[in-house]
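Chemist:
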Amino acid sequence: MEFTLVIAVVVIALAFDYTNGFHDAANAIATSVSTRALTPRVALVLAAACNFLGALAGTEVAETIGKGIITAPAGQHGLVIVIAALIGAITWNLITWYFGLPSSSSHALIGGLVGAGLASTSTVLWSGIVDKVVIPMVLSPAVGFFGAFLLMIAILWLFRHRNPGKTTRGFRMAQSVSAAAMALGHGLQDAQKTMGVIFLALLTTGHVQKGDGIPLWVKISAATAISLGTYSGGWRIMRTLGRRIIHLDPARGFASEAVAATVLYVMAIGLHAPVSTTHTITSAVMGAGATKRLSAVRWGVAKGIVTAWILTIPAAGIVAAGVYWLAHLILE
């Protein structure tokens, strides 16, 4: 039974990774597609390839997810907790994807782990959650907004006397680089979260020890799943992020992607923090767009997105807790 549950965790975790890919495809390429810097198909291929490479670039975030959120009990009980957390996260991903809301797959997973952990009376590592989740959750969108705003102000000043047509073409080309950087950051952040969940399952069953690194097969399978999900695309969310918040031009698209990618790298490699790529790029888009004028940003749409952000962790946690209780009753 335990081996079957391990297989189930791996399959469900990779399914979550796939939904994460198509849910968050917009993060890397929506701005480039909306400004016509890249065609949708080329953008998706670029994003999928860079997601795969980014997923193999480190394990810091995976170790935070695997060891720093909850301490699951050993054996079958721990596996049920992990499965419940994944189902809670997948459910919230599908709900927000259906309504076209760019919510955070990362926070859905963390909410699922916390909800299942509380329902099962497992040890929730609150100090780690505050340091690695809550503070970065507030900090990353704030830095994304103000960083993109300031970078765009600098671009407007530096290119104020340049030919507008040549400048636009130049930033369209630059967006190919910034979109690739954003996709690398997405792989570095989001694929590692799935690696962390699989590592947690292996840890509870004794297949790996706490001091061990992430197995290579876990890295490759997670990288492949998120790449395939990204290639399948998330067109509903792409329309929201690329057009409904604000109509971006190439310069603002470049500014938002460049700043968001930088935040993702610093948080993953420097702080080992699992931040939301969705929160970061959406805030950066708002910041770059606000340099036109504040009214250019459709704050009504932004309000709906922020509401989804606030609900993500508790909603995924409630679903995960319900799944845990149901599974516990069936297995008992």
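Here the sequence shown is numbered in my numbering, starting from 25 and rising by one per residue. The beta-carbon is built from N, C-alpha and C at its ideal position, and this holds for glycine as well. Computed from a predicted structure; not experimentally measured.
#1: Between S280 and F76, is the Cβ-Cβ spacing less than 8 Å?
#2: So, under 8 Å CB-CB, A284 and M206 are touching, yes? Tell me the CB distance rounded to an integer number of Å.
#3: In its own chain, which residues sit with a C-beta less than 6 Å from the C-beta of I119, not counting the 5 before and 5 after it?
#4: Rounded to whole angstroms, what is the Cα-Cα separation between R65 and S200?
#5: Using alpha carbons as the reference points, say which of L288, G220, G135, T254 lies closest to T306.
#6: Is the CB-CB distance between K243 and A132 below 8 Å?
#7: For a minimum of 4 consecutive residues, which ranges assigned as the alpha helix (DSSP H) are wholly contained in the region 28-62?
#8: With DSSP as the reference, identify every bridge partner of T15, one or two as the case may be.
#9: Contact defined as beta carbons within less than 8 Å: I believe T147 pairs with I94. What is the distance between those atoms, to the nearest angstrom?
#10: Using a 10 Å radius around the Cβ and a threshold of 16 neighbouring Cβ atoms, would you call F223 buried or exposed?
#11: Output needed for V330: all residues of its chain with C-beta closer than 8 Å, excluding positions within five of it in sequence on either side, in chain order.
#12: Please classify I36 as buried or exposed, where buried requires at least 16 neighbouring CB atoms within 10 angstroms.
#13: Please give me, in chain order, every unbroken run of the alpha helix (DSSP H) with length at least 4 that falls completely inside the region 66-99.
#14: Drop a sphere of 10 angstroms on the beta-carbon of G266, count the other beta-carbons inside from all chains shown, and report buried for 16 or more, exposed for fewer.
#15: Exposed or buried, I153, counting other C-beta atoms within 10 Å across all chains shown (16 or more means buried)?
#16: Can you list, in chain order, the stretches of the alpha helix (DSSP H) that have 4 or more residues and sit fully within the region 142-202?
#17: I'd like the span of the alpha helix (DSSP H) that includes G311, first residue to last.
#18: Using DSSP with H/G/I as helix, E/B as strand and the rest coil, what is F123?
Modeler: Looking at the coordinates:
#1: no
#2: The pair is a contact, with the Cβ atoms about 6 Å apart (cut-off 8 Å).
#3: none
#4: 13 Å
#5: L288
#6: no
#7: None, since the region 28-62 contains no complete alpha helix (DSSP H) of that length.
#8: Examination of residue 15 is not possible in this model, given that the chain is present from 25 through 356 alone.
#9: 6 Å
#10: The Cβ neighbour count for F223, taken over all protein chains shown within 10 Å, is at least 16; the residue is labelled buried.
#11: none
#12: Answer is buried; the Cβ neighbour count reaches 16.
#13: 84-92
#14: Its pLDDT being 47, under 50, G266 is placed unreliably in this model, and the coordinates cannot settle the point.
#15: buried
#16: 150-153, 159-182
#17: It spans 301-313 - the alpha helix (DSSP H) in which G311 sits, taken as one unbroken run.
#18: In the three-state DSSP reduction, F123 falls in the coil class, being neither helix nor strand.
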